[in-house]
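Undergrad: The following block contains the structure, expressed as structure tokens.
Number of protein chains: 2
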Amino acid sequence: MARAGRRPGSSSTADQILISARRLFADRGYQATTMRAIAAEAGVNPALVHHFFGSKQQVFVAALELPINPAALVGRLVAAGPREQLGERIVRTFVQVWRAPETGPQLQAFLRGAVTEDGAARLRHFAEDVMLPKVSAAVGVPKIRLAAAVSQLIGFALTSLIIRIEPLASASEDDVVALLAPSVQRYLDEPSSS
Amino acid sequence: MARAGRRPGSSSTADQILISARRLFADRGYQATTMRAIAAEAGVNPALVHHFFGSKQQVFVAALELPINPAALVGRLVAAGPREQLGERIVRTFVQVWRAPETGPQLQAFLRGAVTEDGAARLRHFAEDVMLPKVSAAVGVPKIRLAAAVSQLIGFALTSLIIRIEPLASASEDDVVALLAPSVQRYLDEPSSS
Numbered sequence: 019m020a021r022a023g024r025r026p027g028s029s030s031t032a033d034q035i036l037i038s039a040r041r042l043f044a045d046r047g048y049q050a051t052t053m054r055a056i057a058a059e060a061g062v063n064p065a066l067v068h069h070f071f072g073s074k075q076q077v078f079v080a081a082l083e084l085p086i087n088p089a090a091l092v093g094r095l096v097a098a099g100p101r102e103q104l105g106e107r108i109v110r111t112f113v114q115v116w117r118a119p120e121t122g123p124q125l126q127a128f129l130r131g132a133v134t135e136d137g138a139a140r141l142r143h144f145a146e147d148v149m150l151p152k153v154s155a156a157v158g159v160p161k162i163r164l165a166a167a168v169s170q171l172i173g174f175a176l177t178s179l180i181i182r183i184e185p186l187a188s189a190s191e192d193d194v195v196a197l198l199a200p201s202v203q204r205y206l207d208e209p210s211s212s
Numbered sequence: 019m020a021r022a023g024r025r026p027g028s029s030s031t032a033d034q035i036l037i038s039a040r041r042l043f044a045d046r047g048y049q050a051t052t053m054r055a056i057a058a059e060a061g062v063n064p065a066l067v068h069h070f071f072g073s074k075q076q077v078f079v080a081a082l083e084l085p086i087n088p089a090a091l092v093g094r095l096v097a098a099g100p101r102e103q104l105g106e107r108i109v110r111t112f113v114q115v116w117r118a119p120e121t122g123p124q125l126q127a128f129l130r131g132a133v134t135e136d137g138a139a140r141l142r143h144f145a146e147d148v149m150l151p152k153v154s155a156a157v158g159v160p161k162i163r164l165a166a167a168v169s170q171l172i173g174f175a176l177t178s179l180i181i182r183i184e185p186l187a188s189a190s191e192d193d194v195v196a197l198l199a200p201s202v203q204r205y206l207d208e209p210s211s212s
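Read top to bottom, the protein sequences are chains L and E.
If you use my numbering, the first sequence corresponds to residues 19 to 212, in order.
If you use my numbering, the second sequence corresponds to residues 19 to 212, in order.
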């Protein structure tokens with residue numbers, strides 16, 4: 019599976035851009051890092067960064083080395099059916115990509131890394147600067163309620179795929195959806211209490 | 019704060035018992051490890067293991083180096099008020115002990131360690147062999163639903179205290195309770211779907 023947000027092309031130039039991007043995102047954070055600064059750090063023309071990756075968000079997701087772009091994926095799930103079943107679509111897709119041999123191991127490695135200072139900073143920037151604003155705008159739900167939904171999903175990944183607590187670890191996809199989807203849907207439905 | 023499940027006494031003998039217990043729990047798992055085997059491994063009389071720790075569960079919790087005994091804590095919360103507010107009591111207490119300076123840092127270190135093979139095995143044994151059976155018997159809820167509640171609580175700890183995603187990380191205790199308690203209560207209330 020191709021890395022999310024990355025176009026085919028010269029791998030050494032693209033890799034150099036990603037190395038520079040990782041350094042700048044880590045040092046300055048997501049907001050303060052510009053496409054121009056990434057290009058300067060990599061010693062290439064800014065047009066080349068746009069050519070390889072398209073947008074700053076896509077550079078960032080590529081730099082994270084995620085096998086999927088969760089923000090783009092949720093955007094597609096919002097459009098794929100009725101709003102009152104969005105929680106179910108999100109939980110089902112989440113279980114599928116975290117359990118699939120093409121995407122699961124890389125996602126699990128990413129989650130394992132999130133307990134380190136650097137890994138936590140990357141995931142925090144991604145959630146606060148890309149994922150939560152984008153999804154909040156798309157579905158009209160306060161960011162704190164989306165963060166609660168994320169906490170349920172990441173908690174499921176941690177307990178069932180990394181700690182592997184039974185009977186959750188070997189539960190069928192349908193059973194996990196029946197168990198978790200109403201909680202995720204509730205976070206998407208109710209008005210903010212804060 | 020005294021380590022949970024540990025009585026005052028000779029620290030070198032108690033420490034030797036814990037070192038032996040950790041080795042046996044890691045090698046054989048919780049079920050197959052007996053108080054007698056722990057005593058033999060530590061080169062002490064089995065009565066001394068009972069004297070210091072009381073029960074195998076208490077040796078195990080002490081060997082985990084948790085600042086609290088979650089299974090005992092949930093037992094007290096079940097008895098502390100009406101069943102329909104148990105989710106709220108659990109979430110409120112969870113937020114308090116994970117944020118308190120006396121207990122929070124040790125719990126966070128434990129959770130960070132849970133992404134390693136050894137740390138995951140310890141937490142898995144604790145959940146499967148101590149926590150879930152004990153709480154399931156106390157509240158009459160299927161283990162898979164309790165595991166779902168655990169996944170929400172651990173996911174909150176990971177996203178808000180370790181990854182520190184805003185606006186969840188700095189939300190007030192009351193806001194976190196309003197947000198998460200209905201989800202936890204739902205896991206405790208509904209019949210199993212599996």
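The C-beta atom is built at its ideal place from N, Cα and C for all residues, glycine as well.
The structure presented is a predicted model; accordingly, all values stated were derived computationally and were not measured.
Given a limit of 9 Å on CB to CB distance, which residues of the region 174-190 of chain E reach chain L?
TA: Here the close residues are 174, 175, 176, 177, 178, 180, 181, 182, 183, 184, 185, 186, 187, 189 and 190.
Undergrad: Examine chain E for any beta-carbon lying closer than 7 Å to the beta-carbon of residue 74(L), and answer yes or no.
TA: Position 56 of the first sequence, counted from the first residue, corresponds to residue 74(L). For residue 74(L), the answer is no, since every Cβ of chain E falls outside 7 Å of its Cβ.
Undergrad: State yes or no: is the beta carbon of residue 167(E) nearer than 7 Å to at least one beta carbon in chain L?
TA: Position 149 of the second sequence, counted from the first residue, corresponds to residue 167(E). Residue 167(E) does not count as touching chain L.
Undergrad: Taking three-plus beta-carbon pairs below 8 Å as touching, is the region 167-187 of chain L in contact with the region 116-129 of chain L?
TA: Touching, yes.
Undergrad: Let me check understanding here. Comparing Cα to Cα, which of 78(E), 103(E), 189(E) and 73(E) lies closest to residue 142(E)?
TA: Numbered from 1 along the second sequence, position 124 holds the residue referred to as residue 142(E). When only C-alpha atoms are compared, the closest one is 78(E).
Undergrad: Might you give, ordered along the chain, the residues of its own chain that have their beta carbon closer than 8 Å to the beta carbon of residue 2(L), omitting 5 neighbours on each side?
TA: In this structure chain L extends from 19 to 212, so residue 2(L) is not present and cannot be described.
Undergrad: Measuring alpha carbon to alpha carbon, tell me which of 45(E), 198(E) and 164(E) ends up nearest residue 174(E).
TA: Start at 1 with the first residue of the second sequence, and residue 174(E) comes out as number 156. Per the Cα distances, 198(E).
Undergrad: If the criterion is Cβ atoms closer than 7 Å, does the pair residue 56(L) and residue 66(L) meet it?
TA: For the purposes of this step, residue 56(L) is taken as the residue at position 38 of the first sequence. For the purposes of this step, residue 66(L) is taken as the residue at position 48 of the first sequence. No.
Undergrad: Taking only the alpha-carbon atoms, compute the straight-line gap between residue 25(E) and residue 83(E) and give it to the nearest angstrom.
TA: Numbered from its first residue, the second sequence carries residue 25(E) at position 7. Numbered from its first residue, the second sequence carries residue 83(E) at position 65. Because residue 25(E) sits at a pLDDT of 48, beneath the cut-off of 50, its placement in the model cannot be relied upon, and the following sentence gives the value as read from the coordinates. If I take the Cα positions, the gap works out to 14 Å.
Undergrad: Rounded to whole angstroms, what's the CA-CA distance from residue 155(E) to residue 120(E)? Just pull it up for me.
TA: Counted from its first residue, the second sequence places residue 155(E) at position 137. Counted from its first residue, the second sequence places residue 120(E) at position 102. C-alpha separation (whole angstroms): 30 Å.
Undergrad: I want to verify the contact list: residues of chain L whose CB lies under 8 Å from the CB of residue 146(E), in sequence order.
TA: Sequence index remark: in the second sequence, residue 146(E) carries index 128 (1-based). Within 8 Å Cβ-Cβ: 183 and 184.
Undergrad: Just curious, the alpha helix (DSSP H) that residue 100(E) is in, first and last residue?
TA: As a first step, residue 100(E) is located in the second sequence; it is residue number 82 there, counting from the start. Taken as a continuous stretch (DSSP letters only), residue 100(E) belongs to no alpha helix (DSSP H), as it is neither H nor E.
Undergrad: Relative to the alpha-carbon of residue 157(L), which residue among 53(L), 97(L) and 52(L) has its alpha-carbon at the smallest distance?
TA: Working through the first sequence from its first residue, we reach residue 157(L) at position 139. Nearest C-alpha to residue 157(L): 97(L).
Undergrad: Measuring alpha carbon to alpha carbon, tell me which of 160(E), 136(E), 109(E) and 51(E) ends up nearest residue 184(L).
TA: Within the first sequence, numbered from 1, the residue matching residue 184(L) stands at position 166. Of the listed residues, the one whose Cα sits closest to residue 184(L) is 160(E).
Undergrad: Here's a check: name, in chain order, each residue in its chain whose Cβ is nearer than 6 Å to the Cβ of residue 102(L), leaving out the five neighbours to either side.
TA: The residue labelled residue 102(L) in the question sits at position 84 within the first sequence. Contacts found: none.
Undergrad: Using a cut-off of 8 Å between C-beta atoms, extract the partners of residue 138(E) located in chain L.
TA: For the purposes of this step, residue 138(E) is taken as the residue at position 120 of the second sequence. Per Cβ cutoff of 8 Å: 180, 181 and 182.
Undergrad: Mind listing the chain E neighbours of residue 151(L)? Cutoff is C-beta to C-beta under 8 Å, in chain order.
TA: Within the first sequence, the letter at position 133 stands for residue 151(L). In chain order: nothing, as chain E lies at least about 12 Å away.
Undergrad: Closest to residue 195(L) by CA distance: which of 64(L), 114(L), 110(L) and 135(L) is it?
TA: As a working note, residue 195(L) is residue 177 in the first sequence. Taking only the C-alpha atoms, the option nearest residue 195(L) is 110(L).
Undergrad: Would you kindly work out how many angstroms separate the C-alpha atoms of residue 162(L) and residue 207(E), rounded to a whole number?
TA: The sequence position of residue 162(L) within the first sequence is 144, counting from 1. The sequence position of residue 207(E) within the second sequence is 189, counting from 1. Each residue's Cα considered, the two are about 25 Å apart.
Undergrad: So which of 33(E), 50(E), 91(E) and 44(E) has the shortest CA-CA distance to residue 150(E)?
TA: Within the second sequence, residue 150(E) is the residue found at index 132, counting from 1. Minimum Cα distance to residue 150(E) is reached at 91(E).
Undergrad: By a C-beta neighbour count over all protein chains shown, 10 Å radius and 16 as the cutoff for buried, is residue 54(E) buried or exposed?
TA: Along the second sequence, read from residue 1 onward, the residue named residue 54(E) stands at position 36. Its Cβ having fewer than 16 others within 10 Å, residue 54(E) is exposed.
Undergrad: Buried or exposed: which applies to residue 105(L), given that a residue is buried once 16 or more other Cβ atoms fall within 10 Å of its Cβ?
TA: As a first step, residue 105(L) must be located in the first sequence, where it is residue number 87. Buried.
Undergrad: Does chain E have any CB closer than 7 Å to the CB of residue 195(L)?
TA: Locating residue 195(L) in the first sequence gives position 177, where the first residue counts as 1. Output row for residue 195(L): interface = no.
Undergrad: Leaving aside the five residues before and after residue 171(L) along the sequence, list all residues of the same chain whose C-beta is less than 6 Å from its C-beta, in chain order.
TA: Along the first sequence, read from residue 1 onward, the residue named residue 171(L) stands at position 153. Same-chain partners within the cutoff: 112.
Undergrad: Alpha carbons only, please: which of 190(E), 168(E), 192(E) and 39(E) is nearest the one belonging to residue 204(E)?
TA: By one-based count along the second sequence, residue 204(E) stands at place 186. Of the candidates 190(E), 168(E), 192(E) and 39(E), the one whose C-alpha sits nearest the C-alpha of residue 204(E) is 168(E).
Undergrad: Just to confirm my understanding: we take residue 39(E), look at its own chain, exclude 5 residues before and 5 after, and list those with CB closer than 6 Å. What are they?
TA: Locating residue 39(E) in the second sequence gives position 21, where the first residue counts as 1. Cβ neighbours of residue 39(E) beyond the five flanking positions: 56, 77 and 81.
Undergrad: How big is the Cα-Cα spacing for residue 58(L) and residue 191(L)?
TA: As a position in the first sequence, residue 58(L) is number 40, starting the count at 1. As a position in the first sequence, residue 191(L) is number 173, starting the count at 1. The alpha-carbon atoms of residue 58(L) and residue 191(L) are separated by roughly 46 Å.
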